[in-house]
Amino acid sequence: MVRTRVAVTSAVAVISVLLAGCSTEEPGSAAPAETQDTASPSTSAPGGTDDLPAGGAPAVEEPLDTSKFEQDPCAALTVEQLNELNLPEQGEERDGGAGPTCGWNNRETTGSATIILVTASDRGLTALYETRGDYEVFEPVDLIEGHPGVVYSSAEKANWHCTVAVGLTDELAMDVNVRLSRANRGGDGCGTVQGIAGYMLQTMKAAQ
C-alpha cells in the first residue's frame, strides 16, 4: 500500500466533487447522516489506560483538548469548510452510544459526513487495533495534521462508504465517516474521509 501524508488543502476540489455529485445546486437541509454499519469498535474493549498505546496502536504525540467539541461536536467543521464540501451549514447533533455525534447530510446529492468523539472508551486507537480482525478493510494511514489514523470499512463499501479513526489523545479517538454522493459511488471514499478528518483537526487545533 502506498502511504502518503494527507494534504488537506490540495484535496479540497476532489472532496467537494465526490460529495457533491453532478449537481451544482446548494446543499440541502441537515438530516441525520448514517454512520458506519457497526457501532464504534472503541466502546467495549477491556483494560485501563496505564498501558496505552498498546496492541500496535501508534502514540499520539500532539494530544488535543477536546472539551469544546465534546460539548458541541458540530463545531468541528467551520461554515467555510462545509461550503467547500457542499454540505449543509447546520449539522444535526445527537449523543449516540459511542459518544457525542454530529452529522451533515446533503439531501440532494446524498453525500454525507459524520463525526463521533468516542468518549464511551478511554483507550483511544488501542481499542480499534485490538479489534482489527473484525474489519475487512483496516489500513493505517500516515499522519493527518500530525495525528495517527486508520481507515476501516467493509470491502464492498470502501469505495463510497468509509470511516477513519483518528487519535486525538492516547485515551480518545474520533471516528469520521463519509458516504459519497450517489453519482460518485465507486470513487475514493477512504481518501475523501481522510481529507474531511484533516479539516476537523485544523478546526480543533485552532481552538487550543
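Heads up: the sequence shown is residues -20 to -1, 1 to 188, going by mature numbering (1 follows the signal peptide of the UniProt record, and there is no 0). Just so it is clear, CB atoms sit at the ideal spot from N, CA and C, and this is done for glycine as well. Remember, predicted model here, so these are calculated numbers, not experimental data.
Worksheet item: Looking at C-beta atoms only, is the number of pairs between the region 29 to 44 and the region 143 to 153 that lie closer than 8 Å three or more?
Response: Contact holds: three or more Cβ-Cβ distances are below 8 Å.
Worksheet entry | Nearest to A93 (by Cα), restricted to the options M184, S47, Q51, G71 | Considering only alpha carbons, the answer is G71.
Discussion item. Which runs of the alpha helix (DSSP H) at least 4 residues long sit entirely within the region 82 to 164? Give them in chain order.
Written reply: Qualifying alpha helix (DSSP H) stretches, in chain order: 104 to 109.
Worksheet item: For the 8 Å Cβ check, are there 3 or more pairs between the region 116 to 136 and the region 31 to 41?
Response: With a cut-off of 8 Å on Cβ pairs, the region 116 to 136 is in contact with the region 31 to 41, counting three or more such pairs.
Worksheet entry | Residue range of the alpha helix (DSSP H) that includes E60 | Where E60 is concerned, the enclosing alpha helix (DSSP H) stretches over 59 to 64.
Discussion item. If I follow the unbroken beta strand (DSSP E) through E72, where does it start and stop?
Written reply: Taken as a continuous stretch (DSSP letters only), the beta strand (DSSP E) holding E72 covers 72 to 75.
Practice prompt. Please name the residue in Y132, Q188, R162, L123 whose C-alpha comes closest to that of G113.
Written response: Out of Y132, Q188, R162, L123, Y132 has the C-alpha closest to the C-alpha of G113.
Item to complete: State yes or no: is the C-beta of G169 within less than 8 Å of the C-beta of C142?
Response: In contact: G169 and C142 (Cβ atoms closer than 8 Å).
Practice prompt. Determine the extent of the alpha helix (DSSP H) in which G169 is found, giving its start and end residues.
Written response: From DSSP, the alpha helix (DSSP H) with G169 extends over 169 to 186.
Discussion item. Could you pull the DSSP bridge partners for P68 from this structure?
Written reply: None, per the DSSP bridge assignment.
Worksheet item: Start and end of the alpha helix (DSSP H) containing E50?
Response: For E50, the enclosing alpha helix (DSSP H) has its first and last residue at 47 to 51.
Worksheet item: Taking the alpha-carbon positions, what's the W140 to V117 distance?
Response: Going from the Cα of W140 to the Cα of V117 covers about 13 Å.
Worksheet item: What residue from R74, L67, G77 has the CA that sits closest to W84's CA?
Response: Closest by alpha carbon: L67.
Worksheet entry | Own chain partners of T90 with C-beta closer than 8 Å, once the 5 adjacent residues on each side are dropped | If we look at T90 and ignore the five residues flanking it on each side, its Cβ neighbours are G1, R159, S161, R162.
Discussion item. Please return the same chain residues whose Cβ sits closer than 6 Å to the Cβ of Y115, not counting the five positions on each side in sequence.
Written reply: Y132, listed in sequence order.
Item to complete: Taking the CB atoms as reference points, tell me whether T106 and A56 lie closer together than 8 Å.
Response: For T106 and A56, no; Cβs fall outside 8 Å.
Worksheet item: For G36 and chain B, any beta-carbon pair shorter than 8 Å?
Response: Considering every chain present, this structure includes no chain B. It has just one protein chain.
Worksheet item: Using the beta-carbon count (16 or more within 10 Å), is S101 buried or exposed?
Response: Within 10 angstroms of the beta-carbon of S101 lie 16 or more other beta-carbons, which makes it buried.
Item to complete: Count the other CB atoms, across all protein chains shown, that sit within 10 Å of the CB of G79; report buried if there are 16 or more and exposed otherwise.
Response: With 16 or more other Cβ atoms within 10 Å, it is buried.
Worksheet item: Which same chain residues, not among the five before or five after E69, have their C-beta less than 6 Å away from its C-beta?
Response: Cβ neighbours of E69 beyond the five flanking positions: V59, L62.
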